[in-house]
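Novice:
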Amino acid sequence: MQELPILHKLTEFYKTFYLYLASFPQKDKYALGAKCEGYIISTLELLLAAEYASKNQRLQLIQQASVKFDMLKSFIRIAKELKILDQKKYIRLEAELQEIGRQLGGWQRSLS
Numbered sequence: 027m028q029e030l031p032i033l034h035k036l037t038e039f040y041k042t043f044y045l046y047l048a049s050f051p052q053k054d055k056y057a058l059g060a061k062c063e064g065y066i067i068s069t070l071e072l073l074l075a076a077e078y079a080s081k082n083q084r085l086q087l088i089q090q091a092s093v094k095f096d097m098l099k100s101f102i103r104i105a106k107e108l109k110i111l112d113q114k115k116y117i118r119l120e121a122e123l124q125e126i127g128r129q130l131g132g133w134q135r136s137l138s
């Protein structure tokens, strides 16, 4: 089975975030950075589970992933507001988040 585009996008987002995480101050790397990383991984896990779930379970898993994804977006925004992420990095991450969000919303609407 070919990987879903949203899974590819989210994996690429994680790789980008992982590189940026190295430049976080140590106190932020293990607090806010770890929180963001956790939400990325949780969202990825839920979407992978949804890919293989029965049709009945798929919508519920995607809704759970959507909640985690919204939390991730909030924490990325906080990192920018605290100047942990500079404007250039934030804009790149935000553009990727918007694309992933569109795909996630489309998948969710297709099942509703």
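Using the numbering used here, the first residue of the sequence shown is number 27, and each one after it goes up by one.
Here a beta-carbon is modelled for each residue, glycine too, at the ideal position from N, C-alpha and C.
This structure is a prediction, so every number in the text was calculated from the model and none was measured.
#1: Please classify residue 136: does DSSP put it in a helix, a strand, or coil?
#2: Excluding the 5 residues flanking residue 90 on each side, which residues of the same chain have their C-beta closer than 8 Å to its C-beta?
#3: Mind checking residue 69: buried by the 16 CB within 10 Å criterion, or exposed?
#4: Give me, in chain order, the residues of the same chain whose beta-carbon lies closer than 6 Å to that of residue 110; leave out the 5 immediate sequence neighbours on both sides.
#5: Quick check on the DSSP output: the alpha helix (DSSP H) that includes residue 55 runs from which residue to which?
#6: Report the option in 133, 93 and 30 whose CA atom is closest to the CA atom of residue 66.
Specialist: By the coordinates alone:
#1: Reduced to three states, the DSSP call for residue 136 is helix.
#2: Taking C-beta separations shorter than 8 Å and ignoring five residues to either side along the sequence, the partners of residue 90 in its chain run 72, following chain order.
#3: Buried, because 16 or more other Cβ atoms sit within 10 Å of the Cβ of residue 69.
#4: By the criterion of a C-beta distance shorter than 6 Å, residue 110 is surrounded in its chain by 50 and 54, once the five residues flanking it on both sides are discounted.
#5: Boundaries cannot be given for residue 55, as no alpha helix (DSSP H) includes it and DSSP labels it neither H nor E.
#6: The shortest Cα separation from residue 66 among 133, 93 and 30 belongs to 93.
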